[in-house]
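>
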Amino acid sequence: MTCFISSKLTATGPKHHISPKQHLQPRATYSLGPKQHLRAGASTIYNPTPKSSPSGPYQQYPEHQNSPEPYLRVNTAISQTSQQYPNATMSATATQQRQQEINYVGSNPAGNNPFITRSYAVSDWTAMRNLYDEWAAQYDNDVLVAEKYTAPKLVAETVVSTVTETKSSGNPIGELKILDAGCGTGLVGAELAALGVKKIDGLDLSPGMLGVARKTGVYDRLAEADLTKPIGKDDDFYDVVTCVGTFTKGHVPPTALNELIRVVTKGGIVVATVLDSIWVSEGFEAEVKRLEESGKVKVLGTEWFGYRVASSAGARMVVLEKL
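Residue numbers are given in the working numbering: position 227 of the sequence shown equals residue 603, and the series is strictly consecutive.
Here it is in structure tokens:
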């Protein structure tokens with residue numbers, strides 16, 4: 377949910393480091409096993425073998441069976457979902473897998489939360505901002521805890537693993553300049569900081585959400601912005617852009633991906649989530665394909681994962697490298 381910068385980003389004051397949230401389970405460490413080809417569905421499967429927890433297979437989409445190692449690292453990060461939430465585990469063939477995703481998502485991705493339901497129905501930006509202002513104080517409990525929201529942690533892990541594998545920036549993790557577009561209450565920023573990221577800016581439409589994000593102490597600068605409009609930064613400004621929970625029903629259109637790509641440096645990455653129920657119907661799949669065919673990006677992944685597990689809502693983890 378986010379934003380045009382009407383003024384320059386303003387500093388939020390000194391940052392402090394935070395430890396990972398106590399209510400989140402520790403992340404298991406994985407090593408990738410050998411590639412195995414499945415006859416049914418002509419898919420590729422990886423066996424991520426945790427060093428400290430039970431093993432389990434992870435299914436790729438067949439169109440990515442020849443993908444480079446960074447994509448597989450993205451898969452490894454996303455496979456954490458199946459460790460914590462077995463209902464999000466994927467099946468053995470492409471057809472079965474997609475049917476399982478459809479069954480998993482069901483017909484009500486909003487779940488039973490009235491704020492999520494209202495946010496899907498709002499069409500006016502003032503009303504949208506007011507809704508998120510109203511929701512800000514209880515947002516973390518409603519979404520992260522009650523909804524079992526996996527995206528912030530998985531996106532942060534995907535950023536670190538992908539940057540490491542692609543060497544997309546000459547800077548160490550602590551020196552990366554990251555824009556958290558649609559930062560909300562700062563859930564993604566907190567997870568990035570816990571993994572050693574120190575330079576994070578945040579944008580959001582809602583002043584109430586930004587107020588909560590400011591209290592995390594992990595952002596250098598925060599500003600109100602509308603992501604349907606241009607971002608007030610020069611081309612190639614950031615090493616990484618994250619956009620989590622913003623590409624959802626009734627919020628920001630797929631064309632906004634162009635602006636996220638513009639402000640990231642060549643060789644940098646954009647990591648965004650897209651609610652699966654709008655991935656095709658609202659043009660996100662087509663836009664990602666167009667960006668790739670135009671030579672602007674290399675698509676490292678568009679993998680499905682369990683997004684808000686309590687409501688059986690799935691999403692796509694879109695990982696793009698700027699060319």
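We put the beta carbon where it would ideally sit given N, CA and C, even for glycine. Being a predicted model, the structure only gives us computed values, none of them experimental.
Taking the CB atoms as reference points, tell me whether E663 and T631 lie closer together than 8 angstroms.
In the sequence shown, counting from the first residue as 1, residue 663 sits at position 287. In the sequence shown, counting from the first residue as 1, residue 631 sits at position 255. Less than 8 angstroms separates the beta-carbon of E663 from that of T631.
> With a 10 Å radius around its C-beta and 16 neighbouring C-beta atoms as the bar for buried, classify Q582 as buried or exposed.
Along the sequence shown, read from residue 1 onward, the residue named residue 582 stands at position 206. The question names Gln, yet the displayed sequence has Ser at residue 582. Answer is buried; the Cβ neighbour count reaches 16.
> Would DSSP call G565 helix, strand or coil?
The sequence position of residue 565 within the sequence shown is 189, counting from 1. In this structure, G565 counts as helix in the three-state DSSP scheme.
> Alpha carbon to alpha carbon, what distance is there between N489 and A522?
By 1-based counting over the sequence shown, the position of residue 522 is 146. By 1-based counting over the sequence shown, the position of residue 489 is 113. Rounded to the nearest angstrom, the two C-alpha atoms are 9 angstroms apart.
> Got a sec, what are the start and stop residues for the beta strand (DSSP E) Y614 sits in?
Residue mapping note: residue 614 aligns to position 238 of the sequence shown, counting from 1. It spans 614–623 - the beta strand (DSSP E) in which Y614 sits, taken as one unbroken run.
> Given this structure, state the Cα-to-Cα distance separating E363 from M504, to the nearest angstrom.
Look at the range of the chain in this structure, 377 to 699, and you will see that residue 363 is not part of it.
> Looking at G578: is its Cβ nearer than 8 angstroms to the Cβ of I549?
Here residue 578 refers to the residue found at position 202 when the sequence shown is read from its first residue. Here residue 549 refers to the residue found at position 173 when the sequence shown is read from its first residue. Contact: no.
> With a 10 Å radius around its C-beta and 16 neighbouring C-beta atoms as the bar for buried, classify S687 as buried or exposed.
For this step, residue 687 is matched to residue 311 along the sequence shown. Burial call: buried.
> In its own chain, which residues sit with a C-beta less than 7 angstroms from the C-beta of G671, not counting the 5 before and 5 after it?
Sequence index remark: in the sequence shown, residue 671 carries index 295 (1-based). The beta carbon of G671 sits closer than 7 angstroms to the beta carbons of L699 from its chain, once the five residues preceding and following it are set aside; these are given in chain order.
> For E658, count neighbouring C-beta atoms within 10 Å of its own C-beta (all shown protein chains included) and say buried if the count is 16 or more, exposed if not.
In the sequence shown, the residue the question calls residue 658 occupies position 282. With at least 16 other beta carbons inside 10 angstroms of its own, E658 counts as buried.
> Could you pull the start and end residues of the beta strand (DSSP E) that L676 belongs to?
Looking up residue 676 in the sequence shown gives position 300. From DSSP, the beta strand (DSSP E) with L676 extends over 673–684.
> Take the Cβ of W511 as the centre, count every other Cβ of all protein chains shown within 10 Å, and call the residue buried at 16 or more, exposed below.
On the sequence shown, residue 511 is found 135 positions in, with the first residue counted as 1. The residue is buried, with at least 16 neighbouring Cβ atoms inside 10 Å.
> Taking the alpha carbon of R692 as the point to measure from, which residue in I654, T561, L568, T641 has its own alpha carbon closest?
Working through the sequence shown from its first residue, we reach residue 692 at position 316. Nearest of I654, T561, L568, T641 to R692, Cα basis: I654.
> Residue ranges of each alpha helix (DSSP H) run of no fewer than 4 residues wholly in the region 492–558, ordered along the chain?
Scanning the region 492–558 for uninterrupted alpha helix (DSSP H) segments of 4 residues or longer gives 501–516, 527–542, listed from N- to C-terminal end.
> Which two residues bound the contiguous alpha helix (DSSP H) that contains A632?
Stepping through the sequence shown from its first residue, residue 632 is reached at position 256. Note, A632: premise wrong, no alpha helix (DSSP H); not H, not E.
> Decide if W642 is buried, meaning its Cβ has at least 16 other Cβ atoms within 10 Å, or exposed.
Working through the sequence shown from its first residue, we reach residue 642 at position 266. Reading off the sequence shown, one finds Lys at residue 642, where the question assumed Trp. Exposed, by the Cβ-count rule.
> Buried or exposed: where does V481 fall if 16 or more other Cβ atoms within 10 Å of its Cβ makes it buried?
Counting from 1 along the sequence shown, the entry for residue 481 is found at position 105. Its pLDDT being 47, under 50, V481 is placed unreliably by the model, and the measurement read from it follows with that caveat. Burial call: buried.
> Three or more C-beta pairs under 8 angstroms: does that hold for the region 607–621 against the region 583–597?
no
> Around the Cβ of A557, are there at least 16 other Cβ atoms within 10 angstroms (buried) or fewer (exposed)?
The sequence position of residue 557 within the sequence shown is 181, counting from 1. That one is buried.
> Please return the same chain residues whose Cβ sits closer than 6 angstroms to the Cβ of Y515, not counting the five positions on each side in sequence.
In the sequence shown, counting from the first residue as 1, residue 515 sits at position 139. Here the set comprises T561.
> Just reading off the alpha helix (DSSP H) that V664 is part of, what are its end residues?
Taking the sequence shown and counting its residues from 1, the one referred to as residue 664 is at position 288. Where V664 is concerned, the enclosing alpha helix (DSSP H) stretches over 660–669.
> When DSSP builds the beta bridges, which residues end up paired with K698?
Translated into positions along the sequence shown, residue 698 becomes position 322. The partner list for K698 (beta bridge, DSSP) reads V673.
> From this set, I645, E661, V673, T622, which residue's C-alpha is nearest I492's C-alpha?
Stepping through the sequence shown from its first residue, residue 492 is reached at position 116. Checked all of I645, E661, V673, T622; the closest Cα to I492 is T622.
> Kindly indicate the opening and closing residues of the alpha helix (DSSP H) around A589.
Against the sequence shown, residue 589 aligns to sequence position 213. Its alpha helix (DSSP H) spans residues 583–592.
> Please identify the residue among R590, R684, D509, H627 whose C-alpha is closest to the C-alpha of F660.
Sequence index remark: in the sequence shown, residue 660 carries index 284 (1-based). Checking every option, the nearest Cα to that of F660 belongs to H627.
> Indicate the three-state DSSP secondary structure (helix, strand or coil) for I654 in the structure shown.
On the sequence shown, residue 654 is found 278 positions in, with the first residue counted as 1. In the structure shown, I654 sits in a helix (DSSP, three-state: H, G or I).
> Determine, using beta carbons only, whether V564 and A513 come nearer to each other than 8 angstroms.
Counted from its first residue, the sequence shown places residue 564 at position 188. Counted from its first residue, the sequence shown places residue 513 at position 137. In this structure, A513 does not lie closer than 8 angstroms to V564 by Cβ.
> How big is the Cα-Cα spacing for Y496 and L651?
Residue numbering aside, residue 496 sits at position 120 when the sequence shown is read from its first letter. Residue numbering aside, residue 651 sits at position 275 when the sequence shown is read from its first letter. Taking the straight line joining both Cα atoms gives about 11 angstroms.
> Determine the burial state of S537: buried for a count of at least 16 other Cβ atoms within 10 Å of its Cβ, exposed for fewer.
By one-based count along the sequence shown, residue 537 stands at place 161. With 16 or more other Cβ atoms within 10 Å, it is buried.
> Within a Cβ cutoff of 8 angstroms, which residues of the same chain sit near R494, ignoring the five residues on either side of it in sequence?
Working through the sequence shown from its first residue, we reach residue 494 at position 118. Correct list, in chain order: L507.
> Less than 7 angstroms between C-beta atoms, sequence neighbours within five positions excluded: which residues of the same chain meet that for V675?
Within the sequence shown, the letter at position 299 stands for residue 675. Contacts found: V664, E668, L696.
> Let me check understanding here. Comparing Cα to Cα, which of I576, K524, A589, S499 lies closest to V535?
Stepping through the sequence shown from its first residue, residue 535 is reached at position 159. Comparing Cα positions, the closest option is I576.
> Check whether the Cβ atoms of F681 and L586 sit closer than 8 angstroms, and answer yes or no.
Looking up residue 681 in the sequence shown gives position 305. Looking up residue 586 in the sequence shown gives position 210. For F681 and L586, no; Cβs fall outside 8 angstroms.
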